[in-house]
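In our numbering, the protein residues as written are 5 to 213. Report on one structure; see the data block that follows.
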Amino acid sequence: MNPIKLSVKNNIAKIALSLALPLAVCTPLSAAAPNGSSASYALKVGVVDFRKAVEESKLGKQEQEMLENMKKQVESILKEKGDEFQKLAGKLQDEDFRDSQKPEALQKMEQQYQQLGQELQQAQGQYYQAMQQQNFRIIQRLADIVSKASERVAEAKKLDLVLNDDNAFFSAPSLDITKDVVAEMDRLAEEELKEAAKNGAQPKLDLKK
5 MNPIKLSVKN
15 NIAKIALSLA
25 LPLAVCTPLS
35 AAAPNGSSAS
45 YALKVGVVDF
55 RKAVEESKLG
65 KQEQEMLENM
75 KKQVESILKE
85 KGDEFQKLAG
95 KLQDEDFRDS
105 QKPEALQKME
115 QQYQQLGQEL
125 QQAQGQYYQA
135 MQQQNFRIIQ
145 RLADIVSKAS
155 ERVAEAKKLD
165 LVLNDDNAFF
175 SAPSLDITKD
185 VVAEMDRLAE
195 EELKEAAKNG
205 AQPKLDLKK
């Protein structure tokens, strides 16, 4: 029975896809003019690579680092329990050792072995669930930040529509606004940090790294 291995980046990428900005792929790129006239005009569109925004923003990097540290702590605890379990299993499988023990002692060790196995299995399930919940919470927060940053960039560039790259079959490189969104995400995070300091709250992240 081996401790579980948790892939932080893969989990983040997988959940990121499910929480990507909800966008309509089939939206027509022409519509009524904003002044209310019947004339049509071309929509101004921007495209964001959500995964890249998560991985390159300061906020995303630090959230991933925090999750990676949590993962290491989990694996360390599970390894300790797993080593203890394997050590006891080795003794019980050693015939010479078994012959040297009294029946009562062997029975006690076998009970301990079963208990350790159950504890290890339970710990694996609990820690895996905790990691998944933390992972989901991080992505929800990052999705919210990406959404707010995209809105600001859209206003600055006078865009009518911002698409997530994962929701488009094709987009011209000239439509990509990911760098602008990442920069805006960093500004939003700095604003949050200053607001937390102003209110005397504990900042969630150290964005100076």
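Every residue, glycine too, gets a C-beta built ideally from N, C-alpha and C.
One or two residues paired with residue i in a DSSP bridge
i	result
Val150	In DSSP, Val150 forms no bridge with anything.
Asn168	Val52
Burial state of residue i, where buried means 16 or more other Cβ atoms lie within 10 Å
i	result
Asp169	buried
Asn73	exposed
Tyr45	exposed
Asp53	buried
Ala193	buried
Glu199	exposed
Lys75	buried
Residue i to residue j span [Cα, whole Å]
i	j	result
Ala187	Ala147	15 angstroms
Glu79	Glu59	23 angstroms
Leu92	Lys106	16 angstroms
Gln118	Ala57	47 angstroms
Arg55	Met70	17 angstroms
Glu196	Gly64	14 angstroms
Glu88	Gln144	37 angstroms
Leu82	Ser175	45 angstroms
Ala160	Gln125	53 angstroms
Gln110	Asp100	Note that residue 110 is Leu in the sequence shown, not Gln. Whole-angstrom Cα-Cα distance: 12 angstroms.
Gln137	Gln130	11 angstroms
Lys85	Leu120	8 angstroms
Interface flag, residue i vs chain C, CB-CB below 8 angstroms
i	result
Ala158	The structure shown has no chain C; it contains just one protein chain.
Residue i, enclosing alpha helix (DSSP H) - first and last residue
i	result
Leu197	182 to 202
Heavy atom of the ligand ADP within 7 angstroms of residue i beta-carbon
i	result
Pro177	With respect to the ligand ADP, the structure shown offers nothing to examine, as it has no ligands at all.
Could you tell me which whole beta strand (DSSP E) segments of length 3 or greater appear in the region 102 to 138? none
My parser needs the alpha helix (DSSP H) runs of 4 or more residues fully inside the region 45 to 96; what are they? 54 to 60
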